[in-house]
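Numbering (full-length UniProt numbering), first residue to last: 1 to 474.
Structure representation (structure tokens):
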């Protein structure tokens with residue numbers, strides 16, 4: 001019996017033991033209500049990170065939007081890691097000229113004004129190929145995806161499309177290479193986005209996170225990956241992997257930069273970037289002990305050092321037995337079932353030539369074609385039950401902390417051996433739809449990520465804590 005099958009059956013046993021099923025529904029959460037009381041007022045320019053530095057330099061007349069864009073394009077020209085699959089140099093420079101002209105007449109759209117950014121190749125950019133990393137799919141959309149449209153409205157300059165695991169159906173992105181060691185994978189599926197941010201080929205990237213696709217590559221490449229609460233950001237214009245698990249998410253160099261990038265995607269909501277200066281001394285942080293099982297020594301050491309630092313910043317840090325190993329295993333098994341079945345539905349409807357797909361992607365979809373409807377429904381019932389149980393955990397703790405990925409970036413030729421453990425600590429939070437952020441841990445070797453998770457709508461808590469932890473300020 002495979003690990004996935006065992007976890008699936010264990011999850012079904014837990015579900016069957018319940019007397020009353022929870023309501024079966026698509027997750028829908030009340031997010032971003034009134035700003036938490038500990039947040040400072042938003043004012044002036046952002047404080048830390050590359051976006052902050054660029055915004056200050058633009059404001060002081062020390063650089064221009066065109067110069068920022070040219071610098072990013074120069075780095076893209078030297079791309080050795082397959083970060084980009086299509087570069088829109090002419091369009092980007094034209095857009096940067098317009099942003100400079102706006103600044104000259106006093107129009108500053110916000111902290112993303114003139115900032116060069118990239119977009120994952122499952123998200124539509126008007127007039128640019130969307131190929132989803134596949135030889136079987138090619139579309140040139142006439143409209144931007146909602147997320148791209150909102151970033152443009154906020155003044156961002158679109159550099160081009162970044163590489164992805166085919167159809168976002170994996171955590172390795174084996175066609176790309178980790179900039180810290182080109183013999184290793186960058187993680188996926190948003191591998192190109194992580195490479196781009198890590199190497200300065202743009203200051204932020206728009207991606208997706210369905211199972212682990214923002215946080216795992218962020219951890220393996222040493223950048224920040226922020227997945228918001230499910231349903232926070234529109235997925236219109238995103239080629240779907242899983243309608244009930246897809247999250248539009250962002251990568252950047254710092255937590256504040258990630259918050260700025262996310263705020264631009266929800267202009268009517270309460271800004272979370274001010275949380276970068278928020279108080280964290282009252283927070284209760286739980287350590288999900290099951291998330292450390294099977295963790296490599298280098299990862300454990302780097303994360304433990306950050307946990308020690310965390311203890312001096314917050315009210316309490318204590319171990320919690322939830323999520324259990326069964327929770328992580330069940331979420332992985334059921335999350336894979338749900339996402340693969342929903343992906344298979346999309347691919348079957350499009351009638352694409354699966355003989356052109358990567359073998360491991362084709363195998364996932366072919367297997368999903370044979371899943372019983374009752375198994376899919378049981379997976380959704382388990383999901384609703386697990387969500388209620390995880391909500392109870394966040395009544396005891398404001399934030400949970402754990403390694404983002406229990407292992408360092410695997411070698412390209414061995415990546416398939418690590419598929420389950422790479423995403424184990426991450427997929428649960430996409431499955432239940434809770435916000436999570438991966439931040440880099442200081443290390444002398446390969447990058448390691450610390451994952452912080454909050455309850456629905458808790459993005460501001462994550463930004464406050466991530467910023468305090470990386471700056472050492474409470």
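Cβ coordinates follow ideal geometry from the N, Cα and C atoms, glycine included.
C-alpha gap between residue i and residue j, whole angstroms
| i | j | result |
| --- | --- | --- |
| residue 49 | residue 191 | 21 angstroms |
| residue 180 | residue 374 | 45 angstroms |
| residue 39 | residue 111 | Residue placement at residue 39 is flagged as unreliable, the pLDDT there being 36, under the threshold of 50; the coordinate-derived value follows with that caveat. For residue 39 and residue 111, the distance between alpha carbons rounds to 18 angstroms. |
| residue 420 | residue 59 | 46 angstroms |
| residue 57 | residue 64 | 8 angstroms |
| residue 288 | residue 319 | 6 angstroms |
| residue 274 | residue 463 | 9 angstroms |
| residue 268 | residue 405 | 33 angstroms |
| residue 365 | residue 125 | 26 angstroms |
| residue 430 | residue 89 | 34 angstroms |
| residue 120 | residue 297 | 32 angstroms |
| residue 150 | residue 354 | 34 angstroms |
| residue 363 | residue 343 | 12 angstroms |
| residue 234 | residue 130 | 18 angstroms |
| residue 238 | residue 349 | 16 angstroms |
| residue 451 | residue 215 | 8 angstroms |
8 angstroms contact criterion, which residue i and residue j should meet: CB distance rounded
| i | j | result |
| --- | --- | --- |
| residue 113 | residue 155 | 3 angstroms |
| residue 390 | residue 323 | 7 angstroms |
| residue 403 | residue 184 | No, residue 403 and residue 184 are not in contact; Cβ-Cβ is about 17 angstroms, not under 8 angstroms. |
| residue 83 | residue 196 | 5 angstroms |
| residue 339 | residue 241 | 6 angstroms |
| residue 203 | residue 278 | At roughly 23 angstroms, the Cβ-Cβ gap does not stay under 8 angstroms, so residue 203 and residue 278 are not in contact. |
| residue 437 | residue 415 | Contact flag wrong, Cβ pair sits at about 24 angstroms. |
| residue 166 | residue 132 | 7 angstroms |
| residue 251 | residue 75 | With 8 angstroms as the limit, residue 251 and residue 75 do not qualify as a contact, their Cβ atoms being about 16 angstroms apart. |
Counted within 10 angstroms of its Cβ, other Cβ atoms place residue i as buried (16 or more) or exposed
| i | result |
| --- | --- |
| residue 99 | buried |
| residue 370 | exposed |
| residue 381 | buried |
| residue 257 | buried |
| residue 293 | exposed |
| residue 282 | exposed |
| residue 106 | exposed |
| residue 468 | buried |
| residue 460 | buried |
| residue 439 | buried |
| residue 446 | buried |
| residue 455 | buried |
| residue 140 | exposed |
| residue 205 | buried |
| residue 220 | buried |
| residue 385 | buried |
| residue 182 | exposed |
| residue 104 | exposed |
| residue 356 | exposed |
| residue 116 | buried |
| residue 358 | buried |
Among the options, nearest to residue i - alpha-carbon criterion
| i | options | result |
| --- | --- | --- |
| residue 67 | 347, 84, 95 and 82 | 95 |
| residue 423 | 188, 142, 69 and 151 | 188 |
| residue 109 | 263, 454 and 408 | 263 |
| residue 163 | 90, 280 and 213 | 213 |
| residue 326 | 425, 130, 407 and 466 | 425 |
| residue 393 | 368, 297, 352 and 286 | 286 |
| residue 80 | 97, 199 and 352 | 199 |
| residue 449 | 272, 226 and 329 | 226 |
| residue 249 | 470, 62, 337 and 118 | 118 |
| residue 92 | 160, 299, 74 and 142 | 160 |
| residue 471 | 137, 306, 244 and 165 | 306 |
| residue 524 | 73, 284, 360 and 346 | As displayed, the chain neither begins before 1 nor continues past 474, which places residue 524 out of reach and without an answer. |
| residue 217 | 127, 311, 178 and 300 | 178 |
| residue 360 | 158, 211, 272 and 174 | 174 |
In DSSP terms, what residue i is bridged to
| i | result |
| --- | --- |
| residue 120 | 162 |
| residue 130 | 139 |
| residue 206 | 119 and 250 |
| residue 227 | 436 |
| residue 181 | 178 |
| residue 320 | 288 |
Heavy atom of the ligand COA within 6 angstroms of residue i beta-carbon
| i | result |
| --- | --- |
| residue 397 | Judged by which ligands are present, the structure shown has none, so any question about the ligand COA falls away. |
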